[in-house]
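Visitor:
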Amino acid sequence: MTGPGEEGQWSSGLCDCFSDCRLCIVTTIPVVNGLSQGQAYTVVDGHEGIIQEPLCGIVVPLVGEFLCTPLLCIQLAMLRNKFHQPPHNIQNSTFCPEIVEDVVCSVLCWWCTLQQIQRHMQSVNAGYKGPVYLFAPDTTNTMNDAKDS
Numbered sequence: 258m259t260g261p262g263e264e265g266q267w268s269s270g271l272c273d274c275f276s277d278c279r280l281c282i283v284t285t286i287p288v289v290n291g292l293s294q295g296q297a298y299t300v301v302d303g304h305e306g307i308i309q310e311p312l313c314g315i316v317v318p319l320v321g322e323f324l325c326t327p328l329l330c331i332q333l334a335m336l337r338n339k340f341h342q343p344p345h346n347i348q349n350s351t352f353c354p355e356i357v358e359d360v361v362c363s364v365l366c367w368w369c370t371l372q373q374i375q376r377h378m379q380s381v382n383a384g385y386k387g388p389v390y391l392f393a394p395d396t397t398n399t400m401n402d403a404k405d406s
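Just so you know, we're using the numbering used here here: the sequence shown kicks off at 258 and counts up by one.
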């Protein structure tokens, strides 16, 4: 059995929300969290960001945020399911089918599922050259660089 971060597994657990406090805070902000999910969805689809895929990157998250929260859960379950395919090949951690686990995680703990996906994308860089966090750029390196000067 493999643990979090090993090949074929998520880089962090579903409930490791506080391992990245910056992301934890951003994910709780309405509208921003939906657009952040849209960003992740379009990046995993091979686009550079939400501008290249406005329907799944902007329209669905905003409509889901204001009118139909189940729409965000469905999109998140579809996004999580994409990680079971190459290049990630994440294996199911339970005995139930992958899509069932993805739907259950997305419906019962939407915030934790979104954070898990974004932490994984950051750890593997998901073939994306831009910032993984759309609304929470990483500033830790600039702070360390300033200390070294």
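Idealized CB from N, CA, C, for every residue including glycine.
1) Using a Cβ-Cβ cut-off of 7 Å (strictly less than) and excluding sequence neighbours within five positions of G265, which residues of its own chain qualify?
2) Can you have a look at V316 and say buried or exposed, based on whether 16 or more other CB atoms are within 10 angstroms of its CB?
3) Which first and last residues belong to the alpha helix (DSSP H) in which L329 is found?
4) Out of curiosity, what's the CA-to-CA distance linking P311 and E358?
5) Buried or exposed, going by whether 16 or more other CB atoms sit within 10 Å of the CB of F340?
6) If you reduce the DSSP assignment to three classes, tell me which class S363 lands in.
7) Hey, how far is the Cα of V361 from the Cα of E322?
8) Relative to the C-alpha of P318, which candidate in D302, S293, I308 and C272 has its C-alpha closest?
9) Report the residue from Q372, Q379 and M378 whose alpha carbon sits nearest the alpha carbon of T285.
10) Which residue from P354, G270 and Q332 puts its Cα closest to that of D302?
11) Give the straight-line distance between the Cα atoms of C313 and F352, rounded to the nearest whole angstrom.
Guide: Taking the definition as stated:
1) Here the set comprises T259, N346, I347 and Q348.
2) Exposed is the call here.
3) T326 to K339
4) 27 Å
5) buried
6) helix
7) 19 Å
8) S293
9) For the set Q372, Q379 and M378, the Cα lying nearest the Cα of T285 is the one of Q372.
10) Q332
11) 30 Å
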